[in-house]
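Here's the structure we're looking at; comments come further down.
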Amino acid sequence: MAEFQLSAELRGHEKDVRSVVFPSPDLVVSGSRDSTTVLWRKVADKFTKSSTLPGQHYVNSLSYFSAAQSNSPDGLLVRGFGDNLIEINNPNTPEDDHKRLLVGHAGNVCALDVSPDGSYLVSGSWDAKSLVWSTKTWDPELSLVHGEEGKAVWAALSYSKDVVITACADTFIRIFHLPSSTGSFQEVSPYRKLSNDDVVRALCRFPAGVRHPTGADFASAGNDSIIKLWKIDGTQVASLYGHESFIYSLAPLPTGELVSSGEDRTVRVWRGKTCVQAITLPAISVWQVAVCQENGDIAAGTSDGVVRIFTRSPERAADPGTISEFDAAVQHATVKGTKVDRKDVKTREWLQTAKGTKHKQVTMVLEDDESIAAYQWSEATDEWTKIGTVVDSEEAVQKRKKVEYQGKEYDYVFDVDTEDGKPPHKLPYNLGDDTYQAATKFLNDNSLPMSYLEAVAAFIRENTAEARQSGDGASGTAKTPVDDPTTRYLPHTTYLNLTQSKLEPAFRRLKESNNKEIQAGNKHIAMNPDDVNRLEALVDLLSRPSRTTIPAETIDVVFRLLTQWPYGSRLPVLDMLRCMAARPGLASFPQWRRYGNAIGIALRSALDQEQYGIDSAGGSATFTLEDVRWDDVNPNSLMMALRTITNLFGSTEGRAMVSKDAGTVVGLMGRIAGISGQTPFGTSNANVQTALITTAFNYACLAYNERQGPIPQRSIDTSLLSHLLKIAAAVARDQSADEILFRAVMTIGMILSCGREGTQSMQRSELEAVAEQAQRKSQDVRVKGVLAECKKIIG
259 MAEFQLSAEL
269 RGHEKDVRSV
279 VFPSPDLVVS
289 GSRDSTTVLW
299 RKVADKFTKS
309 STLPGQHYVN
319 SLSYFSAAQS
329 NSPDGLLVRG
339 FGDNLIEINN
349 PNTPEDDHKR
359 LLVGHAGNVC
369 ALDVSPDGSY
379 LVSGSWDAKS
389 LVWSTKTWDP
399 ELSLVHGEEG
409 KAVWAALSYS
419 KDVVITACAD
429 TFIRIFHLPS
439 STGSFQEVSP
449 YRKLSNDDVV
459 RALCRFPAGV
469 RHPTGADFAS
479 AGNDSIIKLW
489 KIDGTQVASL
499 YGHESFIYSL
509 APLPTGELVS
519 SGEDRTVRVW
529 RGKTCVQAIT
539 LPAISVWQVA
549 VCQENGDIAA
559 GTSDGVVRIF
569 TRSPERAADP
579 GTISEFDAAV
589 QHATVKGTKV
599 DRKDVKTREW
609 LQTAKGTKHK
619 QVTMVLEDDE
629 SIAAYQWSEA
639 TDEWTKIGTV
649 VDSEEAVQKR
659 KKVEYQGKEY
669 DYVFDVDTED
679 GKPPHKLPYN
689 LGDDTYQAAT
699 KFLNDNSLPM
709 SYLEAVAAFI
719 RENTAEARQS
729 GDGASGTAKT
739 PVDDPTTRYL
749 PHTTYLNLTQ
759 SKLEPAFRRL
769 KESNNKEIQA
779 GNKHIAMNPD
789 DVNRLEALVD
799 LLSRPSRTTI
809 PAETIDVVFR
819 LLTQWPYGSR
829 LPVLDMLRCM
839 AARPGLASFP
849 QWRRYGNAIG
859 IALRSALDQE
869 QYGIDSAGGS
879 ATFTLEDVRW
889 DDVNPNSLMM
899 ALRTITNLFG
909 STEGRAMVSK
919 DAGTVVGLMG
929 RIAGISGQTP
939 FGTSNANVQT
949 ALITTAFNYA
959 CLAYNERQGP
969 IPQRSIDTSL
979 LSHLLKIAAA
989 VARDQSADEI
999 LFRAVMTIGM
1009 ILSCGREGTQ
1019 SMQRSELEAV
1029 AEQAQRKSQD
1039 VRVKGVLAEC
1049 KKIIG
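Using this note's numbering, the first residue of the sequence shown is number 259, and each one after it goes up by one.
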């Protein structure tokens, strides 16, 4: 089947397009945070702005009654606003006074859906309510009860004439059976409540008469980046992995395929359980996708204020020039960030009452001393947290004010909490500086362990993303690494780690899985109360910078879960294991010998879909990489196993373990990269690829460090060096993310730095090919700098 390609770009909004509907091939409707709704109609095969409906507040949701679903021959447009109101308009006379104004919610209306037969409208809101509105009276007939948690209802799906499904910020999916109308307002409790691992933001049903290959009836997605497929009886039949951040929207294609979009800048098309296409857009957030059920085209509303149409039909594809411009915009990531003008800075009063619209949203607030502070929204705690002082960027393109810290000026000075009860550390940063160098200096200045390097660097990147993407840098005084002749990348003798984590959700999933095992009568593998308390203490310990050795009893609990629990329940335990791997004592813990070492346990837990326990001889049953059913491997589990191995490099005993098992691990990495003729695994999953190349880099770093010692070692021999080179080259060929490319070329550089053993493993022509591919995909000055050093080494 043909791939989707760009058909049109609809430009007319000034801010994020939060909602889109695509009711017919000739009509697209978009709603925006600029408070307008635009109707785009196709005239002479081109969409043009037909009319604009003004509003008093953000347009956060849209739905549409077709002519067959309503008494109106023109159909009806439904709009949900941030000021709690729902408005209904005739799409052919939208400038007239609104036909209906529905009042009933006490919070932003973020979800709307029309019943298949047009008999009702269902809405969801930040007020934790979902209302069912009769189209006969336009009054709310039913209130769907969501408990006392008070969490936002992010999605509301009219599954059928008498069934509604909702998705909520409390992580639950609820299925409601609607009673027959009695003429009076009623409250309805769910008859089925499905537990999810994280906040659920999107729902969709599959088209009537089209059976999904898995037998699923509807799909859900949200903050865990996973699409889950469900039967209406509550049975989960599949999980789809591929997105790298929050998923905001789902929509069915008339073919039975599924379309999704989210915070990773992609629109993805799924056939069965496989992602058959990932379309990257030049915008940070793809808020919503809508599908025209008549022709199968897709409309996507994004954070750059543009609606983009994609089609499989060659006749409806955009002209080559437009497609070329779109591809160039994606290639160079020319996403314009929002300038922090004074008019956009919020007041302290606003901060006390307003809620964020997404997890980790950053907003600027005017403090009492007239400084501007950055506050970040947390969906976990439902509150804003100050993360530092930021410059006032009014007229930022011409002149950027600085924040003074210890006698120097910076673009940002963040507050970083590292331990409860102690004041935060100050983290200064100038745009244009290398995030890893800034993070390293911060850790050294504050005597913090280098195991936090990755987390601090990620923190900087995340909280300066908009300014860096908009080109809004410092006032020209900060040198970039490529401009500084003293900057050298090779050799890099410090091992990297992947310890950034949020273990509270993992612990919550563990307890839910444990309850399921108890209810199923599997008490022999379930945790007892003492086990639960130990893991709760472990989560607390791992959340703080500490070199405390993990208690043996706690390690034993983690091991038992990894070896005895069903495959689908192991992921949160693997998450804990990879964080434990960065702490002292795990690699030398003697009880692991009964079952193999930490590497063997991590890999088998991630790859073996069977429960494997202990055999009669007191050891684990035989398992090899040849036994792996790769089609059934959870990419996130494999990613956690690789992160575990990566983090073991941080201790002497851990390095001894990874050295001993280098052949097995490097062989596995080669299988993932597909360098021996196999199909590569996880190429569309940036988290898997980051873990893969970070592990490869640490092995290259180990090889270099061994050869520099007073008594040179060769646990990573020439054949393994050659294998690691091929892995790094494959990653550089298949990936385009700057950080992954940087680590790939750093891995090559470290192997070449090992002397003749390294340089004889790569020809100059091979290095040139890698360099050409990497520099075509990345403008990262670090990538260019490392490649220049590699060329000098290889001669």
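For glycine and all other residues, C-beta sits at the position ideal for the given N, C-alpha and C.
Distance, Gly-928 Cα to His-981 Cα:
One-based indexing of the sequence shown puts residue 981 at position 723. One-based indexing of the sequence shown puts residue 928 at position 670. In a straight line, the C-alpha of His-981 is about 7 Å away from that of Gly-928.
With a threshold of 16 other CB atoms inside 10 Å of the CB of Ser-438, please say whether the residue is buried or exposed.
Residue 438 sits at position 180 when you count from the first residue of the sequence shown. So Ser-438 ends up on the exposed side.
Would you kindly work out how many angstroms separate the C-alpha atoms of Pro-970 and Ala-715, rounded to a whole number?
Start at 1 with the first residue of the sequence shown, and residue 970 comes out as number 712. Start at 1 with the first residue of the sequence shown, and residue 715 comes out as number 457. Cα to Cα, Pro-970 sits roughly 33 Å from Ala-715.
Given Ala-591, which residues of its chain have a CB within under 6 Å of its CB, disregarding the five upstream and five downstream residues?
To locate residue 591, count along the sequence shown from 1; it is residue 333. Legend: pLDDT at Ala-591 = 45, less than 50; position of this residue unreliable, no value from coordinates given.
Other residues of its chain near Ala-987: CB distance less than 6 Å, five sequence neighbours each side excluded
On the sequence shown, residue 987 is found 729 positions in, with the first residue counted as 1. Correct list, in chain order: Val-1028.
Determine, using beta carbons only, whether Ala-414 and Thr-424 come nearer to each other than 8 Å.
Position 156 of the sequence shown, counted from the start, is the residue given in the question as residue 414. Position 166 of the sequence shown, counted from the start, is the residue given in the question as residue 424. Yes, Cβ-Cβ distance for Ala-414 and Thr-424 is below 8 Å.
Through-space distance from Ala-364 to Ser-383, alpha-carbon basis:
Residue mapping note: residue 383 aligns to position 125 of the sequence shown, counting from 1. Residue mapping note: residue 364 aligns to position 106 of the sequence shown, counting from 1. Taking the straight line from one Cα to the other gives about 8 Å.
Measuring CA to CA, which of Ser-507, Leu-264, Leu-268 and Lys-419 is closest to Leu-1058?
Here the chain covers residues 259 to 1053 and nothing more, so residue 1058 does not appear.
Rounded C-alpha distance that separates Phe-430 from Ile-903
By 1-based counting over the sequence shown, the position of residue 430 is 172. By 1-based counting over the sequence shown, the position of residue 903 is 645. So the two alpha carbons sit approximately 34 Å from each other.
By the 10 Å Cβ neighbour count, where 16 or more other Cβ atoms means buried, how is Arg-1022 classified, buried or exposed?
By 1-based counting over the sequence shown, the position of residue 1022 is 764. Exposed, since its Cβ has fewer than 16 Cβ neighbours within 10 Å.
Run through the DSSP bridge pairs and tell me what Thr-643 is partnered with.
Taking the first residue of the sequence shown as 1, we reach residue 643 at position 385. DSSP lists Gln-634 as partners of Thr-643.
Report buried or exposed for Ser-582, applying the criterion of at least 16 other Cβ atoms within 10 angstroms of its Cβ.
Along the sequence shown, read from residue 1 onward, the residue named residue 582 stands at position 324. With fewer than 16 Cβ atoms within 10 Å of its Cβ, Ser-582 is classed as exposed.
Using beta-carbon positions only, say whether Asn-454 and Thr-751 come within less than 8 Å of one another.
Within the sequence shown, the letter at position 196 stands for residue 454. Within the sequence shown, the letter at position 493 stands for residue 751. In this structure, Thr-751 does not lie closer than 8 Å to Asn-454 by Cβ.
Assuming Thr-472 contacts Ala-496 under a Cβ cut-off of 8 Å, what Cβ separation, rounded to an integer in Å, is found between them?
Against the sequence shown, residue 472 aligns to sequence position 214. Against the sequence shown, residue 496 aligns to sequence position 238. Right, their Cβ atoms sit about 5 Å apart.
What's the gap between the Cα of Ile-1052 and the Cα of Pro-968?
The residue labelled residue 1052 in the question sits at position 794 within the sequence shown. The residue labelled residue 968 in the question sits at position 710 within the sequence shown. Approximately 25 Å between the Cα atoms of the pair.
Are at least three pairs of beta-carbons, each pair with one atom in the stretch 305-320 and one in the stretch 264-280, less than 8 Å apart?
yes
Identify, in the order they occur along the chain, each residue of the same chain with its Cβ nearer than 6 Å to the Cβ of Leu-768, setting aside the five sequence neighbours on each side.
Residue numbering aside, residue 768 sits at position 510 when the sequence shown is read from its first letter. These residues qualify, in order along the chain: Pro-830.
Could you name each continuous beta strand (DSSP E) segment of 3 residues or more that falls completely within the stretch 487-518, going from the start of the chain to the end?
494-499 and 505-510
Under the three-state DSSP convention, the category Gln-382 falls into:
Taking the sequence shown and counting its residues from 1, one reaches residue 382 at position 124. Before going on, a small fix: residue 382 reads as Gly here, not Gln. In this structure, Gly-382 counts as strand in the three-state DSSP scheme.
Between the CA atoms of Arg-991 and Ser-1036 - distance to the nearest angstrom:
Taking the sequence shown and counting its residues from 1, the one referred to as residue 1036 is at position 778. Taking the sequence shown and counting its residues from 1, the one referred to as residue 991 is at position 733. Cα-Cα distance, rounded: 12 Å.
Use the C-beta contact count for Gln-966: other C-beta atoms within 10 angstroms, 16 or more gives buried, fewer gives exposed.
Numbered from its first residue, the sequence shown carries residue 966 at position 708. Exposed is the call here.
Alpha-carbon spacing of Ile-484 relative to Ser-977, whole angstroms:
Here residue 484 is taken as the residue at index 226 of the sequence shown, counted from 1. Here residue 977 is taken as the residue at index 719 of the sequence shown, counted from 1. About 38 Å.
If you drop the 5 nearest sequence neighbours on each side, which residues of the same chain put their C-beta closer than 6 Å to that of Ala-839?
Here residue 839 is taken as the residue at index 581 of the sequence shown, counted from 1. Hits under 6 Å: Thr-902, Asn-905 and Leu-906.
Can you look up Ser-277 in the DSSP assignment and give me helix, strand or coil?
For the purposes of this step, residue 277 is identified with residue 19 of the sequence shown, where counting begins at 1. Residue state, collapsed to three classes: strand.
Beta-carbon contacts of Ala-1046 that lie in its chain and below 8 Å, excluding the five residues immediately before and after:
In the sequence shown, residue 1046 corresponds to position 788, counting from 1. Excluding sequence neighbours, Ala-1046 sits near nothing in its chain.
Environment of His-470 [buried if 16+ CB atoms lie within 10 Å]
By 1-based counting over the sequence shown, the position of residue 470 is 212. Counting Cβ neighbours within 10 Å, His-470 comes out buried, since at least 16 surround it.
Residue from Ala-696, Leu-609, Ala-386 and Tyr-316 with nearest C-alpha to Val-275
Residue 275 sits at position 17 when you count from the first residue of the sequence shown. The option with the nearest alpha carbon to Val-275 is Tyr-316.
Determine the contact status of Thr-941 and Arg-1001, defining contact as a CB-CB distance below 8 Å.
On the sequence shown, position 683 is the one that residue 941 refers to. On the sequence shown, position 743 is the one that residue 1001 refers to. Cβ distance not < 8 Å, so Thr-941 and Arg-1001 don't count as in contact.
Once DSSP output is grouped into helix, strand and coil, what is the label at Asp-1038?
Here the question's residue 1038 lines up with position 780 in the sequence shown. It is coil, neither helix nor strand.
Contact belief for Ser-416 with Asp-385 at Cβ below 8 Å, rounded distance in angstroms
Numbered from its first residue, the sequence shown carries residue 416 at position 158. Numbered from its first residue, the sequence shown carries residue 385 at position 127. The pair is not a contact, with the Cβ atoms about 20 Å apart (cut-off 8 Å).
Own chain residues within Cβ distance below 7 Å of Asp-703, not counting five before or after:
As a first step, residue 703 is located in the sequence shown; it is residue number 445 there, counting from the start. Contacts found: none.
If you draw a straight line from the alpha carbon of Lys-300 to that of Asp-284, how long is it in whole angstroms?
Your numbering for residue 300 matches position 42 in the sequence shown. Your numbering for residue 284 matches position 26 in the sequence shown. Approximately 5 Å between the Cα atoms of the pair.
Through-space distance from Glu-884 to Ala-1054, alpha-carbon basis:
Since the displayed the chain opens at 259 and closes at 1053, residue 1054 lies outside it and no answer follows.
Gly-579 burial status per 10 Å Cβ neighbour count (16 or more: buried)
Taking the first residue of the sequence shown as 1, we reach residue 579 at position 321. By the 10 Å Cβ count, Gly-579 comes out exposed.
Quick one: residues in its chain with C-beta nearer than 7 Å to the C-beta of Ser-973, no 5 flanking neighbours on either side, listed in chain order?
Indexing the sequence shown from 1 puts residue 973 at position 715. Answer for Ser-973: Ser-917, Ala-920 and Glu-964, listed in chain order.
Nearest-angstrom Cα separation, counted from Cys-426 out to Arg-463:
Translated into the one-based positions of the sequence shown, residue 463 becomes position 205. Translated into the one-based positions of the sequence shown, residue 426 becomes position 168. Cα-Cα distance, rounded: 17 Å.
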